Amino acid sequence: MDVAAAVTALLSPNAGRDPFPAYEALRAHGPVVAYGGGFFVTGYAAADRILRDPGMSVYDAKLLDASWADWRQNKGVALFVDSMLRQNPPNHTRMRRLASGVFTARRVSALREVIVAQVDEVLDNMALGGRADIIADLAYPLPIAVICALLGVPAEDRGQFRRLAEALTAVLEVRFTEEQAVSAHSAAKELEDYFSSLIALRRAEPEDDLVTALAAAHDAGGDKLTAEELMGNLALLLVAGFETTTNLIGNGLHLLLQHPHLQDRLVADPELAPAFVEEILRYDSPVQLTERFATADTEIDGVRVPAGSELILLLGAANRDPGRFADPGAFDPDRPGNTPLSFGAGAHYCLGAPLARLEAQVALPALLRRFPGLTEAAQPVRRDRLTLRGWATLPVWFGSVD
13 MDVAAAVTAL
23 LSPNAGRDPF
33 PAYEALRAHG
43 PVVAYGGGFF
53 VTGYAAADRI
63 LRDPGMSVYD
73 AKLLDASWAD
83 WRQNKGVALF
93 VDSMLRQNPP
103 NHTRMRRLAS
113 GVFTARRVSA
123 LREVIVAQVD
133 EVLDNMALGG
143 RADIIADLAY
153 PLPIAVICAL
163 LGVPAEDRGQ
173 FRRLAEALTA
183 VLEVRFTEEQ
193 AVSAHSAAKE
203 LEDYFSSLIA
213 LRRAEPEDDL
223 VTALAAAHDA
233 GGDKLTAEEL
243 MGNLALLLVA
253 GFETTTNLIG
263 NGLHLLLQHP
273 HLQDRLVADP
283 ELAPAFVEEI
293 LRYDSPVQLT
303 ERFATADTEI
313 DGVRVPAGSE
323 LILLLGAANR
333 DPGRFADPGA
343 FDPDRPGNTP
353 LSFGAGAHYC
363 LGAPLARLEA
373 QVALPALLRR
383 FPGLTEAAQP
393 VRRDRLTLRG
403 WATLPVWFGS
413 VD
């Protein structure tokens with residue numbers, strides 16, 4: 013596969029099913045490959061440097077204006093642009109500081125009991141039948157329940173968010189159809205209406221949650237948080253709070269089903285869970301790519317990158333760079349020095365990464381301990397997504413129930 017064929021494969025609708033041959037085809041031409049006016053990055057060191065480089069910018073409103081004149085007409089796109097995901101300093105710094113003030117290590121740590129209780133409840137429900145779909149029955153409901161608890165979303169409202177997130181996150185892909193754009197616009201409007209009502213409720217009845225805190229930051233006036241930024245960041249925290257975790261749990265269980273001896277190790281010693289989760293993140297990252305733009309002429313691994321150039325950072329490829337990881341195609345939870353780029357690096361490092369890790373570390377051992385005879389009940393189905401790579405379905409049946 014040459015460079016053109018590899019790029020074509022990665023831009024195809026089903027790229028997420030198996031992007032790794034295309035990654036390796038690009039890697040054969042170097043860690044940074046110029047093609048079609050942009051640059052594709054497969055090298056770990058190069059990707060890590062770019063993510064941490066303040067001379068690189070994210071795809072913000074100014075860049076969108078230059079390439080897509082009417083992007084503001086799509087609320088799905090605009091909602092993310094108004095969030096910290098699509099902001100550069102100083103706006104990103106300001107928004108990040110506000111969210112970080114509530115999304116603290118103490119608060120995340122305190123959620124362990126909530127996560128354990130939610131996992132037990134989900135597994136109790138699964139045990140009532142002889143088979144389940146891990147995605148629908150565990151990988152979605154668990155992180156939705158946890159992020160809703162953090163945000164302050166009532167439990168009875170959770171059911172709508174999988175549908176809305178599925179539609180909304182399509183605009184985060186490298187390519188999306190007109191039909192997907194229309195669906196994202198509709199989902200964003202529905203989510204805005206929901207949060208408008210919840211914000212009004214939290215203003216009248218404040219709670220110790222993110223909706224209350226961010227609404228108060230907006231109400232304080234000054235340069236703290238605009239109305240559009242309030243809505244954009246609430247949507248981002250909700251969607252990002254469970255989409256990546258859903259993929260992490262689903263990808264992780266699928267890998268463990270292929271390695272029964274590793275299931276036994278994890279059940280016997282749950283303290284191994286952090287190492288297992290890091291290797292899942294490296295081997296099959298729930299986020300496979302992101303992008304940056306060079307704000308000045310630069311050189312990366314000997315490749316000249318002119319100002320204004322787009323760099324596609326293939327995180328899934330960087331996590332399998334043989335220059336960084338020995339035998340990268342092997343799934344090895346004992347791997348030393350395992351620091352995947354799955355949650356990014358630098359100023360835009362994922363705010364919810366510790367929470368996602370904690371949920372997977374609790375859920376996977378608990379699932380395998382409760383159902384020691386777990387096996388696939390039917391062929392799982394991959395989502396047709398590359399940026400957010402995961403399973404649409406993962407059917408299993410229980411050989412026994414403890």
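If you want the numbering used here, it's the position in the sequence shown, counting the first as 1, plus 12. Glycine included, every Cβ here is placed at the ideal spot set by N, Cα and C. What you are looking at is a predicted structure, and each value in this text was computed from that prediction instead of being measured.
Exposed or buried, which one is residue i when buried takes at least 16 other CB atoms within 10 Å?
i	result
Trp403	buried
Ser195	buried
Arg294	buried
Tyr361	exposed
Ser79	exposed
Pro318	exposed
Asp346	exposed
Ala144	buried
Asn26	exposed
Gln5	Absent from the structure is residue 5, since the part of the chain shown begins at 13 and ends at 414.
Arg272	One detail in the question is off: residue 272 reads as Pro in this sequence, not Arg. So Pro272 ends up on the exposed side.
Val120	buried
Thr20	exposed
Arg214	buried
Arg395	buried
Glu371	buried
DSSP three-state label for residue i, please.
i	result
Trp409	strand
Glu133	helix
Ser69	strand
Thr387	strand
Gly88	helix
Arg187	coil
Glu219	coil
Phe305	strand
Trp80	coil
Ala357	coil
Ala139	coil
Arg394	strand
Ala404	strand
If you follow the beta strand (DSSP E) that residue i is part of, which residue opens it and which one closes it?
i	result
Thr310	Thr310 to Ile312
Asp145	Arg143 to Asp145
Val45	Val44 to Tyr47
Arg332	Element bounds for Arg332: n/a, residue is neither H nor E.
Phe52	Gly50 to Val53
Glu316	The sequence shown places Arg at residue 316, rather than the Glu named in the question. Arg316 -> beta strand (DSSP E) spans Val315 to Val317.
Alpha helix (DSSP H) containing residue i: first to last residue?
i	result
Thr258	Ala239 to Leu269
Tyr35	Phe32 to Arg39
Glu191	Glu190 to Ala216
Thr224	Leu222 to Asp231
Val279	Pro272 to Ala280
Leu325	No alpha helix (DSSP H) holds Leu325; the beta strand (DSSP E) holding it covers Glu322 to Leu326.
Val19	Val15 to Leu22
Thr116	Neither: Thr116 is in no alpha helix (DSSP H) and is coded neither H nor E.
Ala59	Tyr56 to Arg64
Arg381	Ala365 to Arg382
Pro102	Element bounds for Pro102: n/a, residue is neither H nor E.
Leu154	Pro153 to Leu163
Arg175	Phe173 to Leu180
Arg294	Ala285 to Tyr295
Between residue i and residue j, how many whole angstroms is the CB-CB distance? I'm expecting something under 8 angstroms.
i	j	result
Arg401	Gly141	With a Cβ gap of about 28 angstroms, Arg401 and Gly141 do not count as contacting.
Arg108	Met96	5 angstroms
Met243	Asp94	7 angstroms
Gly253	Pro155	7 angstroms
Leu398	Glu204	The Cβ separation is near 27 angstroms, so there is no contact.
Thr256	Ala368	6 angstroms
Closer than 7 angstroms to a non-hydrogen atom of the ligand COA - does that hold for the CB of residue i?
i	result
Asn26	With respect to the ligand COA, the structure shown offers nothing to examine, as it has no ligands at all.
Is there a Cβ from chain C that is less than 8 angstroms from the Cβ of residue i?
i	result
Asp149	Among the chains of the structure shown, chain C does not appear; only one protein chain is present.
Exercise. Is the segment 279-299 in contact with the segment 39-52, if contact means three or more CB pairs nearer than 8 angstroms?
Worked result: Too few Cβ pairs lie closer than 8 angstroms, so no.
Exercise. Is there contact here, the segment 325-332 with the segment 30-40, by at least three beta-carbon pairs under 8 angstroms?
Worked result: Counting Cβ pairs under 8 angstroms, three or more are found: they touch.
Exercise. Do the segment 94-108 and the segment 138-158 make contact, defined as three or more Cβ pairs closer than 8 angstroms?
Worked result: The segment 94-108 vs the segment 138-158: no contact.
Problem set entry | the segment 149-156 / the segment 258-275 touching (three or more Cβ pairs under 8 angstroms) | Under the three-pair Cβ rule at 8 angstroms, the segment 149-156 counts as touching the segment 258-275.
For this session: Evaluate contact between the segment 222-232 and the segment 169-188, counting only Cβ atoms and requiring at least three cross-stretch pairs below 8 angstroms.
Result: no
Exercise. How do the segment 370-379 and the segment 273-289 stand: do at least 3 beta-carbon pairs fall below 8 angstroms, yes or no?
Worked result: yes
Exercise. Counting pairs of Cβ atoms below 8 angstroms between the segment 61-68 and the segment 347-360, do you hit three or more?
Worked result: yes
Exercise. Is the number of C-beta pairs between the segment 157-171 and the segment 44-59 that are closer than 8 angstroms three or more?
Worked result: no
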